[in-house]
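Have a look at the structure below, then the notes.
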Amino acid sequence: AQTVTQSQPEMSVQEAETVTLSCTYDTSESDYYLFWYKQPPSRQMILVIRQEAYKQQNATENRFSVNFQKAAKSFSLKISDSQLGDAAMYFCAYRSAGASGGSNYKLTFGKGTLLTVNP
Amino acid sequence: NAGVMQNPRHLVRRRGQEARLRCSPMKGHSHVYWYRQLPEEGLKFMVYLQKENIIDESGMPKERFSAEFPKEGPSILRIQQVVRGDSAAYFCASSRQRSTDTQYFGPGTRLTVL
Chain A
11 AQTVTQSQPE MSVQEAETVT LSCTYDTSES DYYLFWYKQP PSRQMILVIR
61 QEAYKQQNAT ENRFSVNFQK AAKSFSLKIS DSQLGDAAMY FCAYRSAGAS
111 GGSNYKLTFG KGTLLTVNP
Chain B
7 NAGVMQNPRH LVRRRGQEAR LRCSPMKGHS HVYWYRQLPE EGLKFMVYLQ
57 KENIIDESGM PKERFSAEFP KEGPSILRIQ QVVRGDSAAY FCASSRQRST
107 DTQYFGPGTR LTVL
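Chains A and B are the protein sequences, given in the same order.
The opening residue of the first sequence carries number 11 in my numbering; numbering runs sequentially from there.
The opening residue of the second sequence carries number 7 in my numbering; numbering runs sequentially from there.
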């Protein structure tokens, strides 16, 4: 079974600075998707960024970018120019992309990293 | 362009009562997924449904929990005879035709069992 580990329960960053959130995962599959979701105090789950494992290029979305290291099974999220609105719980998630179907719809989540942004 | 809708947002039940959680997927989405988030935990998969079909309920407790997604109307997650351990946030997500599409989440229903 796949597992997702977020080793940083809490992180803090100064406004306008850069922060990196860590995520590692364990899988025997070669084709999969990785996601970062943001959960602000409203508790809504918001998709931040998505990475396909077959793509070598790291995904970016405005101030959010990832460092995807497939061999190391590492998928970190970098937030540049941090803003107060970035304060939230961040979840890393994995989903199989198995062509045979299987469980290629189940998201497996880590336990989350609580990010605080200091003004 | 409404997103995934869930109601109620907050639900309080006493032990032994029934809880009904509703989820309306995004327009054009025919795949619905339910996840449960216990305190201090990430979300855990419960069940995957398409219209009128349960595709995978491997994450659902064997007793007291059921889910449906009728031809008309929202998806319903039903918990009978609730116990304190059922207290959690329940999230619904939906995706378009293919199950491998990105899942978009609703705001969740926070269930508290007294």
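Note that beta-carbon positions come from the ideal geometry of N, C-alpha and C, so glycine has one too.
Beta-carbon proximity check, residue i vs residue j, cutoff 8 Å
| i | j | result |
| --- | --- | --- |
| residue 90 of chain A | residue 73 of chain A | yes |
| residue 100 of chain A | residue 31 of chain A | yes |
| residue 71 of chain A | residue 43 of chain A | no |
| residue 43 of chain B | residue 95 of chain B | yes |
| residue 117 of chain A | residue 51 of chain B | yes |
| residue 23 of chain B | residue 89 of chain B | no |
| residue 16 of chain A | residue 33 of chain A | yes |
| residue 93 of chain B | residue 55 of chain B | no |
| residue 103 of chain A | residue 119 of chain A | yes |
Short CB-CB distance (under 8 Å) between residue i and chain B
| i | result |
| --- | --- |
| residue 88 of chain A | no |
| residue 95 of chain A | no |
| residue 54 of chain A | yes |
| residue 60 of chain A | yes |
| residue 115 of chain A | yes |
| residue 121 of chain A | yes |
| residue 31 of chain A | no |
| residue 85 of chain A | no |
| residue 125 of chain A | no |
Beta-ladder partner(s) of residue i, from DSSP
| i | result |
| --- | --- |
| residue 30 of chain B | B/11 |
| residue 56 of chain B | B/37 and B/59 |
| residue 35 of chain A | A/14 |
is_contact[residue i, chain A] using C-beta, thresh 8 Å
| i | result |
| --- | --- |
| residue 71 of chain B | no |
| residue 114 of chain B | yes |
**Study point:** Cβ contact (3+ pairs, closer than 8 Å) linking the stretch 8-19 of chain B and the stretch 113-127 of chain A
**Key:** no
Check your understanding: Would you call the stretch 21-32 of chain B and the stretch 77-96 of chain B touching, i.e. three or more CB-CB distances under 8 Å?
Key -> The stretch 21-32 of chain B is in contact with the stretch 77-96 of chain B.
Exercise for review: Report the residues of the stretch 29-56 of chain B with a CB closer than 8 Å to any CB of chain A, ordered along the chain.
Suggested key: Of all residues in the stretch 29-56 of chain B, only 37, 39, 41, 46, 47, 48, 49, 50, 51 and 54 come within less than 8 Å of chain A when Cβ atoms are compared, listed by chain position.
Point to revise | Touch test, the stretch 36-50 of chain A against the stretch 16-24 of chain A, Cβ-Cβ under 8 Å, three pairs minimum | key: no
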